[in-house]
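Colleague:
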Amino acid sequence: KAGVTQTPRYLIKTRGQQVTLSCSPISGHRSVSWYQQTPGQGLQFLFEYFSETQRNKGNFPGRFSGRQFSNSRSEMNVSTLELGDSALYLCASSLAEGASTDTQYFGPGTRLTVL
Amino acid sequence: AQSVAQPEDQVNVAEGNPLTVKCTYSVSGNPYLFWYVQYPNRGLQFLLKYITGDNLVKGSYGFEAEFNKSQTSFHLKKPSALVSDSALYFCAVRTYNFNKFYFGSGTKLNVKP
Numbered sequence: 029k030a031g032v033t034q035t036p037r038y039l040i041k042t043r044g045q046q047v048t049l050s051c052s053p054i055s056g057h058r059s060v061s062w063y064q065q066t067p068g069q070g071l072q073f074l075f076e077y078f079s080e081t082q083r084n085k086g087n088f089p090g091r092f093s094g095r096q097f098s099n100s101r102s103e104m105n106v107s108t109l110e111l112g113d114s115a116l117y118l119c120a121s122s123l124a125e126g127a128s129t130d131t132q133y134f135g136p137g138t139r140l141t142v143l
Numbered sequence: 053a054q055s056v057a058q059p060e061d062q063v064n065v066a067e068g069n070p071l072t073v074k075c076t077y078s079v080s081g082n083p084y085l086f087w088y089v090q091y092p093n094r095g096l097q098f099l100l101k102y103i104t105g106d107n108l109v110k111g112s113y114g115f116e117a118e119f120n121k122s123q124t125s126f127h128l129k130k131p132s133a134l135v136s137d138s139a140l141y142f143c144a145v146r147t148y149n150f151n152k153f154y155f156g157s158g159t160k161l162n163v164k165p
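Protein sequences, first through last, are from chains H and Z. The first sequence begins at 29 in our numbering and counts up by one. The second sequence begins at 53 in our numbering and counts up by one.
Shown next, in the form of structure tokens:
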């Protein structure tokens with residue numbers, strides 16, 4: 029079974045631009061979560077989607093948004109990019125209906141560099 | 053508030069020696085605890101989890117972890133370290149009432165030949 033895939037793997041953007049990242053979960057998984065990883069802040073939770081609905085949200089500004097499609101694929105968008113948005117963005121999927129015991133499986137990440 | 057602490061930024065171990073990576077947590081309610089490993093420029097790989105039952109949990113690549121409720125700890129262990137175990141290790145906690153994963157800051161494990 030294929031793992032979580034994320035595209036693109038690398039992105040270079042300039043300040044003020046916007047960017048869209050894509051995530052395809054493991055087949056059959058219905059929950060998708062997004063994380064931002066930076067050396068200084070570690071892993072920070074962005075949001076979680078289940079059945080096309082946002083179920084949880086982290087403490088990020090409104091420039092960060094996401095959505096989930098009916099096939100469980102998810103996208104996240106960052107508008108008006110800032111230098112501090114440079115990070116590894118990780119997507120994770122899980123099988124069941126967001127049960128707390130569920131394991132999240134991570135994709136390889138998208139490395140975003142903002143110049 | 054839910055939180056996870058990994059008190060050591062880095063752990064150095066000689067190949068063949070046992071290793072321990074520490075994790076403590078603070079939650080309301082029963083914790084569900086996870087360990088992940090991250091190799092350079094890769095995503096996180098799931099190693100093992102504790103949900104309930106036996107306090108000693110065995111996972112991938114020979115790793116195991118012991119849940120200690122009184123000390124609110126979930127330390128990751130391996131009897132004999134390999135150079136290939138060198139990576140960044142993350143502990144995470146989740147509870148029934150708080151569905152988000154809370155990750156520790158990560159511990160870099162260095163295994164020297």
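Backbone N, C-alpha and C fix where the C-beta goes; we use that ideal spot for every residue, glycine too. A quick note: this is a predicted structure, and the numbers were derived from the prediction, not measured.
Could one say the Cβ of residue 53 of chain H lies closer than 8 Å to chain Z's Cβ atoms, at least one of them?
Modeller: The count along the first sequence starts at 1 and reaches residue 53 of chain H at position 25. Taking Cβ atoms only, chain Z never reaches closer than 8 Å to residue 53 of chain H, which makes this a no.
Colleague: Name the DSSP bridge partner or partners of residue 143 of chain Z?
Modeller: Here residue 143 of chain Z is taken as the residue at index 91 of the second sequence, counted from 1. Its beta-bridge partners are Z:87.
Colleague: Curious, which full-length beta strand (DSSP E) runs of at least 3 residues does the region 104-144 of chain Z contain?
Modeller: Fully enclosed beta strand (DSSP E) runs of 3 or longer: 108-110, 116-120 and 125-130.
Colleague: Would the region 104-112 of chain H and the region 38-50 of chain H be scored as touching if the rule is three or more Cβ pairs under 8 Å?
Modeller: Yes: at least three Cβ pairs fall under 8 Å.
Colleague: Under a CB-based cut-off of 8 Å, is residue 122 of chain Z close to chain H?
Modeller: Sequence index remark: in the second sequence, residue 122 of chain Z carries index 70 (1-based). No, because no Cβ of chain H sits closer than 8 Å to the Cβ of residue 122 of chain Z.
Colleague: For residue 105 of chain H, write down the residues that DSSP places opposite it in a beta bridge.
Modeller: What you label residue 105 of chain H is simply residue 77 of the first sequence in a count that begins at 1. Looking at the DSSP assignment, residue 105 of chain H forms a beta bridge with H:48 and H:93.
Colleague: If you draw a straight line from the C-alpha of residue 153 of chain Z to the C-alpha of residue 164 of chain Z, how long is it?
Modeller: Along the second sequence, one-based indexing puts residue 153 of chain Z at 101. Along the second sequence, one-based indexing puts residue 164 of chain Z at 112. The straight-line gap from Cα to Cα measures roughly 32 Å.
Colleague: Return the Cβ separation of residue 117 of chain H and residue 64 of chain H in integer angstroms, given the expectation that the two are a contact with Cβ distance under 8 Å.
Modeller: Here the question's residue 117 of chain H lines up with position 89 in the first sequence. Here the question's residue 64 of chain H lines up with position 36 in the first sequence. Confirmed, Cβ separation roughly 6 Å.
Colleague: So, at 6 Å on beta carbons, what are the nonlocal neighbours of residue 141 of chain H in its own chain, with the 5 sequence-adjacent residues on each side left out?
Modeller: Start at 1 with the first residue of the first sequence, and residue 141 of chain H comes out as number 113. For residue 141 of chain H, where only same-chain residues beyond five positions count, the Cβ hits under 6 Å are 40 and 114.
Colleague: Going by DSSP in three states, residue 112 of chain H sits in which element: helix, strand or coil?
Modeller: As a position in the first sequence, residue 112 of chain H is number 84, starting the count at 1. Correct three-state label for residue 112 of chain H: helix.
Colleague: Could you name the residues of the region 138-152 of chain Z whose beta carbon sits closer than 7 Å to any beta carbon of chain H, in the order they occur along the chain?
Modeller: Result list: 142, 146, 147, 148, 151 and 152.
Colleague: Figure out for me which residue from Z:121, Z:59, Z:61 and Z:162 has the closest Cα to the Cα of residue 84 of chain Z.
Modeller: Within the second sequence, residue 84 of chain Z is the residue found at index 32, counting from 1. Selected option, being the one with the closest Cα: Z:121.
Colleague: Is the beta carbon of residue 158 of chain Z closer than 8 Å to that of residue 75 of chain Z?
Modeller: Translated into positions along the second sequence, residue 75 of chain Z becomes position 23. Translated into positions along the second sequence, residue 158 of chain Z becomes position 106. Their beta carbons are not under 8 Å apart, which means residue 75 of chain Z does not touch residue 158 of chain Z by this criterion.
Colleague: Can you list, in chain order, the residues of the region 101-125 of chain Z whose Cβ is nearer than 7 Å to any Cβ on chain H?
Modeller: Going along the region 101-125 of chain Z in chain order, one finds 101 and 103 with a Cβ nearer than 7 Å to chain H.
Colleague: Is it buried or exposed, residue 97 of chain H, if we count other Cβ atoms within 10 angstroms and call 16 or more buried?
Modeller: As a first step, residue 97 of chain H is located in the first sequence; it is residue number 69 there, counting from the start. Residue 97 of chain H should be labelled exposed.
Colleague: Go ahead and pull the three-state DSSP assignment for residue 54 of chain H.
Modeller: Within the first sequence, the letter at position 26 stands for residue 54 of chain H. Correct three-state label for residue 54 of chain H: coil.
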